[in-house]
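Enquirer:
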Amino acid sequence: MFVDEVIIKVKAGNGGDGCTAFRREKFIPDGGPFGGNGGHGANIIFKTDLGLKTLLDLRYNKLIKAPKGANGSGKNKNGKGAEDVVIKVPLGTTVTDMDTGLIIADLTKKDDSVIVAHGGRGGRGNTAFATPSNPAPNFSEKGEPGEEKTLKVELRLLADVGFVGMPSVGKSTILSKISRSKPKIAAYHFTTLNPNLGVVRTIDDRTFVAADLPGLIKGASLGEGLGDKFLKHIERTRVIAHVLDMSGLEGRSPLDDYETINKELYDFDPKLMKKPQVIIANKMDLEGAKENLKKFKEKYKKEVYEVSAIKNIGLDEVLVKIADELDNIKEEPLFDEDSFESHVLYKFKKEQPFTITRDNDIYVVKGKEVEKLFKMTKFTDEGAIRFARKLRGMGIDDELVKMGCKPGDRVQIMDMIFEFKE
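The numbering of the sequence shown is the numbering used here, which starts it at 979 and goes up by one.
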């Protein structure tokens, strides 16, 4: 089964908890803190695999959860980091963060890999908090939570040439003649339900990859017929091979077909019309084809390659033309730099790290940094004091006072309610 789009949830591993421990060896008075740090939580990594051609495996694995790091222990023993979870995906896979709309990665090369969700760092043991003013801290940290994301994973086929056209114009027949691909061919519309790939070799010994895409109809860019489900596969191609049934056997005018398909390509993405098009007039062995071709050339003044795919006539010339076009075109990335996550991360650092709202008589504090600090805090006596100090350093206490919060009022962070003290 060909699957080219899935939405999944990923949860990277939490860091292991730090340990609170003290040296208690005989004859060593005041041994001091001895708790180790927790191990790093597992990352979730996507890596390309040449053997995969579909996202079928991810369709049945909607939640990917990575293991947490091991907890630290006494005698300053650090916990072991968890082993990363590596998910294999086909070449041409694009990963988008659904919450931000930003692209995490576009994986187009062999062994490309990206961390789609980072594991949390291990919590620090009490040894790490020792200072001259507090040489024996009685607290440690919980591990940092791993990242949780909802991802849209899309496959856009890596092909040099995309064969497009209305249903039953002969795209699959052409691919079957020029490569070893064996697409399904039948005398009814939408025989091709999935894109087919084939490696093509020209008579002058050049090679390229061609994709036969399911037939398009009017309104395809808006989802009609097989709709825009497969139009995205044209985005990576460098040349578009536009196949026309020049005989009009299906009762359609090849001139109208040409305009309809180009309009759908433009409506889906105007950049598609900037790609070189090789126009292929198929079924030239049938009655009416010569007359329609004459009308087509008179109207559009375009170079047209006449073929009969079923009889294997004229295909060599088309392939040489496509190879010539490919030789003159540089490969360009599908997405511009501003689409990617890393190029806009800096702006979030300047935003307020928390928000405070009032729910009746409770002040509710929210924010990623605040919630991460909360999750990493062990609420022992010293741990709670450190937590309060951190909140004060973030400016939360000052903001609460500005909003009218008084000593004794209730403040909520996640599922815990505290009493405000100045």
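Think of the CB as a built atom: it goes at the ideal place given N, C-alpha and C, for glycine as much as any other residue.
For a test of the three-state rule: what should DSSP assign to residue 962, helix, strand or coil?
Expert: Residue coverage of the chain in this structure runs from 979 to 1400, which leaves residue 962 outside it and unanswerable.
Enquirer: Quick one: residues in its chain with C-beta nearer than 6 Å to the C-beta of residue 1395, no 5 flanking neighbours on either side, listed in chain order?
Expert: 1388, listed in sequence order.
Enquirer: Straight-line CA distance for residue 1030 to residue 1093?
Expert: Taking the straight line from one Cα to the other gives about 19 Å.
Enquirer: Run the CB neighbour count on residue 1145, radius 10 Å, all protein chains shown included, and call it buried at 16 or more, exposed below.
Expert: Buried: at least 16 other Cβ atoms inside 10 Å.
Enquirer: Would the beta-carbon of residue 1282 fall within 7 Å of that of residue 1259?
Expert: Yes, the Cβ-Cβ distance between residue 1282 and residue 1259 is below 7 Å.
Enquirer: Given this structure, state the Cα-to-Cα distance separating residue 1242 from residue 1277, to the nearest angstrom.
Expert: If you take the alpha carbons of residue 1242 and residue 1277, they lie about 20 Å apart.
Enquirer: Once the 5 residues before and after residue 1120 are set aside, which same chain residues still bring their CB inside 7 Å of it?
Expert: Here the set comprises 995, 1101, 1353, 1354, 1355, 1356.
Enquirer: Please state whether the Cβ-Cβ distance between residue 1097 and residue 991 is less than 7 Å.
Expert: Yes, the Cβ-Cβ distance between residue 1097 and residue 991 is below 7 Å.
Enquirer: Let's test the definition: count the other Cβ atoms within 10 Å of the Cβ of residue 1381 and tell me whether it reaches 16, buried, or not, exposed.
Expert: Exposed, by the Cβ-count rule.
Enquirer: Decide yes or no for the touch test of the segment 1030–1047 against the segment 1001–1012: beta carbon pairs closer than 8 Å, at least 3 of them.
Expert: With a cut-off of 8 Å, the segment 1001–1012 and the segment 1030–1047 do not count as touching, because too few Cβ pairs lie within range.
Enquirer: So what does DSSP say about residue 1364, is it helix, strand or coil?
Expert: Three-state result, residue 1364: helix.
Enquirer: Check whether the Cβ atoms of residue 1050 and residue 1056 sit closer than 7 Å, and answer yes or no.
Expert: Taking 7 Å as the Cβ cut-off, residue 1050 and residue 1056 qualify as a contacting pair.
Enquirer: Per the contact definition of three or more C-beta pairs closer than 8 Å, is the segment 1102–1110 in contact with the segment 1175–1183?
Expert: Contact fails: fewer than three Cβ-Cβ distances are below 8 Å.
Enquirer: Where residue 1386 and residue 1339 are concerned, what is the direct C-alpha to C-alpha distance, given to the nearest angstrom?
Expert: Distance between the alpha carbons of residue 1386 and residue 1339: 11 Å.
Enquirer: If you compare alpha carbons, which of 1155, 1086, 1399 is closest to residue 1027?
Expert: Closest option to residue 1027, Cα to Cα, is 1086.
Enquirer: Do residue 1075 and residue 1082 have their CB atoms nearer than 7 Å?
Expert: Cβ atoms of residue 1075 and residue 1082: closer than 7 Å.
Enquirer: At the level of alpha carbons, what is the spacing between residue 1187 and residue 1177?
Expert: Near 5 Å, if we compare the C-alpha coordinates of residue 1177 and residue 1187.
Enquirer: Take the Cβ of residue 1232 as the centre, count every other Cβ of all protein chains shown within 10 Å, and call the residue buried at 16 or more, exposed below.
Expert: Buried, since its Cβ has 16 or more Cβ neighbours within 10 Å.
Enquirer: Spell out the partners DSSP gives residue 1381 in its beta bridges.
Expert: Partner(s): none; residue 1381 has no beta bridge.
Enquirer: For the segment 1225–1309, which segments carrying the alpha helix (DSSP H) assignment without a break, of at least 4 residues, lie completely within its bounds, in sequence order?
Expert: Taking only runs of at least 4 residues, the alpha helix (DSSP H) segments lying wholly in the segment 1225–1309 are 1232–1246, 1267–1278, 1293–1305.
Enquirer: Mind checking which residues open and close the alpha helix (DSSP H) that includes residue 1151?
Expert: Element bounds for residue 1151: 1149–1156.
Enquirer: Once you ignore the five residues that flank residue 1347 on each side, which residues in its own chain have a CB closer than 8 Å to its CB?
Expert: Only 1331, 1332, 1372 meet the Cβ criterion.
Enquirer: Measure the C-alpha to C-alpha separation of residue 1039 and residue 1062 and round it to an integer number of angstroms.
Expert: Roughly 17 Å between the two C-alpha positions.
Enquirer: I'd like to check one pair, residue 985 with residue 1127: are the Cβ atoms closer than 7 Å?
Expert: Not in contact: residue 1127 and residue 985 (Cβ atoms no closer than 7 Å).
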